[in-house]
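S.K.: Residue numbers (the working numbering), protein chains in the order written: chain A, 1181 to 1471; chain B, 6 to 170. Backbone N, C-alpha and C define an ideal beta-carbon position, used for all residues, glycine too. Just so it is clear, the structure is predicted and the values come from calculations on it, not from any experiment.
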Amino acid sequence: MQVPAPFEYERAGSVDEAIALLTRHGSEARLVAGGHSLLPMMKLRLARPETLIDINGLTDLDYIRLDGDELAIGAMTRHAAVLDSPLLAEHYRIFAEAERVIADPLVRNRGTVGGSLCQADPSEDLSAVFSALRGRAVIRSASGTRSVDLRDFHVGPYETAVAGAEMLVEVRVPIRARTGSAYEKVERRAGDWSIAAAGTFVQVEGDTIADVGIGLTAVGAAHFTCVEAEDLLRGGPATKEAVAAAAEVCAASCNPTVDQRGPEDYKRHLVGVLVARALNRSIAGANGGTS
Amino acid sequence: MHVTVTVNGAERHADTEPRLLLVHFLRNTLGLTGTHWGCDTSNCGACTVWLDGVAVKSCTTLAAMADGHDVRTVEGLEVDGVLDAVQQGFIEEHGLQCGFCTTGMMMTARALLDRDPDPDEGTIREAISGNLCRCTGYENIVRAVRWAATHEAAARAADHQEVPV
Chain A
1181 MQVPAPFEYE RAGSVDEAIA LLTRHGSEAR LVAGGHSLLP MMKLRLARPE TLIDINGLTD
1241 LDYIRLDGDE LAIGAMTRHA AVLDSPLLAE HYRIFAEAER VIADPLVRNR GTVGGSLCQA
1301 DPSEDLSAVF SALRGRAVIR SASGTRSVDL RDFHVGPYET AVAGAEMLVE VRVPIRARTG
1361 SAYEKVERRA GDWSIAAAGT FVQVEGDTIA DVGIGLTAVG AAHFTCVEAE DLLRGGPATK
1421 EAVAAAAEVC AASCNPTVDQ RGPEDYKRHL VGVLVARALN RSIAGANGGT S
Chain B
6 MHVTVTVNGA ERHADTEPRL LLVHFLRNTL GLTGTHWGCD TSNCGACTVW LDGVAVKSCT
66 TLAAMADGHD VRTVEGLEVD GVLDAVQQGF IEEHGLQCGF CTTGMMMTAR ALLDRDPDPD
126 EGTIREAISG NLCRCTGYEN IVRAVRWAAT HEAAARAADH QEVPV
């Protein structure tokens, strides 16, 4: 039987209360939302918080809405809501495409956007999505609110920019005109973590790529992205050849580890194929085709 | 800690450790063994129950999280001695062999039909993709869910025709 080690259980009724509880219980306290990453790690003793602060009551952080020229997603938004959101689908297909291959429907009913990002698993899918879209994380503390580029959010495996007595409350993504986006993932079996995955958006201006974002997960890419490939594409022609060159850069510059999911050369090959597919579909989507 | 959980409409009280998982609370504390304890890693879905009307895996939910909330288990499907259409469908279409995954399958299927009363095969397969059947009986499970959908639609149509005078 897998059971977590003993811990104290607290419940927060508001963000302020959650932060106050984090402050009171110190560094051995953890927030728990859906718990679908944290509880399995606690069962395996890979995580052993002394206090769990349950934030499932913070339903005011469960929203997906338009806020000016940005999309705002509350930290307590469940994966299922992201998958089903017409607003997100209207602007970025990458969300539904990524969510469809995150775990399974039951896990998506419970797991949250904020929880996934704060767990900061190096193979997590939404981290690649938000890195591709160059989203921003809104983080609250007792002294106020600050905002962090999602590309600076992950400090390392299972480590984020969220400090001890802080809480991720929202993720924001700019809306871009004439944009297509896509997510491509290969896993060993349905619902598994990625062997490799790539998410992209492309904004076109005529035949030119005006802006582009590339997200990579599970392959040791710094900040879940490949800036070099983005720079190569930005301002250039939206052609298959340009895409192929950028995909090659992604494959060469990521840093996959050899594990039970495959050898290094295989993973690099996958990155190249998946980035190219995602970029080509993003371009097609930006040009009004079915991405 | 003391928890109060409404299980299948009845308020249940217990003193538990915060680390107690909902699946063990249901099975060991309350004796509701219809909810099965399977992989323990949120993969297999045998432990699927509803929490506030949403199908979740109870091996990855704390009993403490259900404190003050509403849980429905397979024991709550049958009402006044009448099986739920999903349960009847599993009987009619031989939707089980060993039966281990069945209760979780049925809780997921009930949630699906409440949301989408007429799902096609692809929708059913996607919906139950978090519930694993090691007898590989998916064909019959899909038929069982379709049986329930068809019979509930027929029952609704019959109800609709019985216009009160």
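How should His41(B) be labelled, buried or exposed, when 16 other C-beta atoms within 10 angstroms of its C-beta is the threshold for buried?
M.R.: For the purposes of this step, residue 41(B) is taken as the residue at position 36 of the second sequence. Buried, because 16 or more other Cβ atoms sit within 10 Å of the Cβ of His41(B).
S.K.: Given a cut-off of 9 Å on the beta-carbon distance, is the pair Arg1191(A) and Gly1254(A) in contact?
M.R.: Here residue 1191(A) refers to the residue found at position 11 of the first sequence. Here residue 1254(A) refers to the residue found at position 74 of the first sequence. Taking 9 Å as the Cβ cut-off, Arg1191(A) and Gly1254(A) do not qualify as a contacting pair.
S.K.: Buried or exposed: which applies to Arg1258(A), given that a residue is buried once 16 or more other Cβ atoms fall within 10 Å of its Cβ?
M.R.: As a first step, residue 1258(A) must be located in the first sequence, where it is residue number 78. Arg1258(A) should be labelled buried.
S.K.: Is it buried or exposed for Ile1282(A), if we count other Cβ within 10 angstroms and need 16 for buried?
M.R.: Here residue 1282(A) refers to the residue found at position 102 of the first sequence. Buried, because 16 or more other Cβ atoms sit within 10 Å of the Cβ of Ile1282(A).
S.K.: Name, please, each residue of chain A whose Cβ falls closer than 8 Å to the Cβ of Asp45(B).
M.R.: Indexing the second sequence from 1 puts residue 45(B) at position 40. Going along chain A in sequence order, the residues near Asp45(B) (Cβ under 8 Å) are Met1181, Gln1182, Lys1223.
S.K.: For a cutoff of 9 Å on Cβ pairs, would you count His1216(A) as touching chain B?
M.R.: Sequence index remark: in the first sequence, residue 1216(A) carries index 36 (1-based). It does; some Cβ of chain B falls within 9 Å.
S.K.: From Cys138(B), Val84(B), His99(B), Val87(B), pick the residue whose C-alpha is nearest to that of Gln110(B); which is it?
M.R.: Position 105 of the second sequence holds residue 110(B). A quick correction: the sequence has Met, not Gln, at residue 110(B). Residue Cys138(B) is the option with its Cα nearest to Met110(B).
S.K.: In three-state DSSP terms, what is Ser1131(A)?
M.R.: Here chain A covers residues 1181 to 1471 and nothing more, so residue 1131(A) does not appear.
S.K.: Would you mind sorting Glu1127(A) into buried or exposed? The rule is 16 or more other CB atoms within 10 Å of its CB.
M.R.: Residue coverage of chain A in this structure runs from 1181 to 1471, which leaves residue 1127(A) outside it and unanswerable.
S.K.: To the nearest whole angstrom, what separates the beta carbons of Gly94(B) and Gly100(B), a pair I think is in contact under 8 Å?
M.R.: As a first step, residue 94(B) is located in the second sequence; it is residue number 89 there, counting from the start. As a first step, residue 100(B) is located in the second sequence; it is residue number 95 there, counting from the start. Right, their Cβ atoms sit about 6 Å apart.
S.K.: Does the separation of the CB atoms of Val1351(A) and Gly1294(A) fall below 9 Å?
M.R.: Start at 1 with the first residue of the first sequence, and residue 1351(A) comes out as number 171. Start at 1 with the first residue of the first sequence, and residue 1294(A) comes out as number 114. Against a cut-off of 9 Å, the Cβ pair of Gly1294(A) and Val1351(A) comes out as a contact.
S.K.: Quick check: the Cα distance between Pro4(B) and Asp1332(A), rounded to an integer number of angstroms?
M.R.: The shown model of chain B, from 6 to 170, leaves out residue 4(B), and the question about it has no answer.
S.K.: Please compile the residues from chain B whose C-beta is within a distance smaller than 8 Å of the C-beta of Ala1370(A).
M.R.: For the purposes of this step, residue 1370(A) is taken as the residue at position 190 of the first sequence. The contacting residues are Ser134.
S.K.: Can you have a look at Ser1471(A) and say buried or exposed, based on whether 16 or more other CB atoms are within 10 angstroms of its CB?
M.R.: Taking the first sequence and counting its residues from 1, the one referred to as residue 1471(A) is at position 291. Low per-residue confidence applies at Ser1471(A): pLDDT is 46, beneath 50, and the placement is therefore not dependable, though the value from the model is reported in the following sentence. Buried, because 16 or more other Cβ atoms sit within 10 Å of the Cβ of Ser1471(A).
S.K.: Using a Cβ-Cβ cut-off of 9 Å, state whether His29(B) counts as contacting chain D.
M.R.: Given the protein chain composition of this structure (A and B), no chain D is represented.
S.K.: By the criterion of Cβ-Cβ separation under 7 Å, what are the contact partners of Asn1289(A) in chain B?
M.R.: In the first sequence, counting from the first residue as 1, residue 1289(A) sits at position 109. In chain order: Val59, Ala60, Val61.
S.K.: To the nearest angstrom, report how far apart Thr11(B) and Ala1431(A) are at their CA atoms.
M.R.: Against the second sequence, residue 11(B) aligns to sequence position 6. Against the first sequence, residue 1431(A) aligns to sequence position 251. Roughly 52 Å separates the two Cα atoms.
S.K.: Determine the chain B residues that contact Pro1186(A) at a beta-carbon separation under 7 Å, and present them in chain order.
M.R.: Along the first sequence, one-based indexing puts residue 1186(A) at 6. Ordered by position in chain B, the residues that pass the 7 Å Cβ test against Pro1186(A) are Glu22, Arg24.
S.K.: When we look at the beta-carbon of Thr1397(A) and count the other beta-carbons within 10 Å, is it buried (16 or more) or exposed?
M.R.: Reading the first sequence from its first residue, position 217 is the one you call residue 1397(A). When all chains shown are included, Thr1397(A) counts as buried.
S.K.: Residues of the region 1263 to 1297 of chain A with a CB closer than 7 Å to any CB of chain B: list them in chain order, please.
M.R.: Flagged, chain order: Asp1284, Pro1285, Leu1286, Val1287, Asn1289, Arg1290.
S.K.: Looking at C-beta atoms only, is the number of pairs between the region 1289 to 1307 of chain A and the region 1205 to 1216 of chain A that lie closer than 8 Å three or more?
M.R.: Touching, per the Cβ criterion.
S.K.: So, with DSSP's three-state summary, where would you put Ser1471(A)?
M.R.: Sequence index remark: in the first sequence, residue 1471(A) carries index 291 (1-based). Because Ser1471(A) sits at a pLDDT of 46, beneath the cut-off of 50, its placement in the model cannot be relied upon, and the following sentence gives the value as read from the coordinates. The answer is coil: DSSP assigns Ser1471(A) none of H, G, I, E or B.
S.K.: Using the rule of at least 16 other Cβ atoms within 10 Å of the residue's Cβ for burial, across every protein chain shown, is Ile1199(A) buried or exposed?
M.R.: Indexing the first sequence from 1 puts residue 1199(A) at position 19. Answer is buried; the Cβ neighbour count reaches 16.
S.K.: For Glu131(B), return the contacting residues in chain A, with the cut-off set at a CB-CB distance below 8 Å.
M.R.: Here the question's residue 131(B) lines up with position 126 in the second sequence. The contacting residues are Pro1285.
S.K.: I need the boundaries of the alpha helix (DSSP H) containing Glu1385(A), first residue and last residue.
M.R.: Walking along the first sequence from the start, residue 1385(A) turns up at place 205. Here Glu1385(A) belongs to no alpha helix (DSSP H); instead the beta strand (DSSP E) covers 1374 to 1385.
S.K.: Quick one: does Tyr1189(A) have its CB under 9 Å from some CB of chain B?
M.R.: On the first sequence, residue 1189(A) is found 9 positions in, with the first residue counted as 1. Answer yes: the Cβ-Cβ gap between Tyr1189(A) and chain B drops below 9 Å somewhere.
S.K.: Between which two residues does the beta strand (DSSP E) holding Leu35(B) run?
M.R.: In the second sequence, the residue the question calls residue 35(B) occupies position 30. Where Leu35(B) is concerned, there is no enclosing beta strand (DSSP E), given that its DSSP letter is neither H nor E.
S.K.: Taking 9 Å as the threshold (beta carbon to beta carbon), is Pro1417(A) in contact with chain B?
M.R.: Residue numbering aside, residue 1417(A) sits at position 237 when the first sequence is read from its first letter. So no, Pro1417(A) is outside the interface.
S.K.: Which whole-angstrom value describes the C-beta separation of Gly1176(A) and Ala1308(A), a residue pair presumed to lie in contact below a C-beta threshold of 8 Å?
M.R.: Outside the modelled stretch of chain A, which goes from 1181 to 1471, sits residue 1176(A), for which no answer is possible.
S.K.: For Ser1471(A) and chain B, any beta-carbon pair shorter than 9 Å?
M.R.: The count along the first sequence starts at 1 and reaches residue 1471(A) at position 291. In this prediction, Ser1471(A) has a pLDDT of 46, which is less than 50 and means its spatial position is unreliable; what the coordinates show is noted afterwards. Cβ-Cβ to chain B under 9 Å: no for Ser1471(A).
S.K.: Do you know offhand how far Val1183(A)'s Cα is from Arg32(B)'s?
M.R.: Counting from 1 along the first sequence, the entry for residue 1183(A) is found at position 3. Counting from 1 along the second sequence, the entry for residue 32(B) is found at position 27. Distance between the alpha carbons of Val1183(A) and Arg32(B): 15 Å.
S.K.: Interface residues of chain A around Gly50(B) at Cβ under 7 Å?
M.R.: Here residue 50(B) is taken as the residue at index 45 of the second sequence, counted from 1. Correct list: Leu1286.
S.K.: Would you tell me roughly how many angstroms separate the C-alpha atoms of Val69(B) and Val1382(A), rounded to the nearest one?
M.R.: Taking the first residue of the second sequence as 1, we reach residue 69(B) at position 64. Taking the first residue of the first sequence as 1, we reach residue 1382(A) at position 202. Correcting the residue identity first, residue 69(B) is Ala in this sequence and not Val. Each residue's alpha carbon lies about 45 Å from the other.
S.K.: Buried or exposed: which applies to Ala162(B), given that a residue is buried once 16 or more other Cβ atoms fall within 10 Å of its Cβ?
M.R.: Here the question's residue 162(B) lines up with position 157 in the second sequence. Exposed, because fewer than 16 other Cβ atoms sit within 10 Å of the Cβ of Ala162(B).
S.K.: Check for me: the alpha helix (DSSP H) holding Met1221(A) runs from which residue to which?
M.R.: Numbered from its first residue, the first sequence carries residue 1221(A) at position 41. Element bounds for Met1221(A): 1218 to 1223.
S.K.: Apart from the five residues on each side of it in sequence, which residues of its chain come closer than 6 Å, Cβ to Cβ, to Ala1276(A)?
M.R.: Against the first sequence, residue 1276(A) aligns to sequence position 96. Leu1263, Ala1269.
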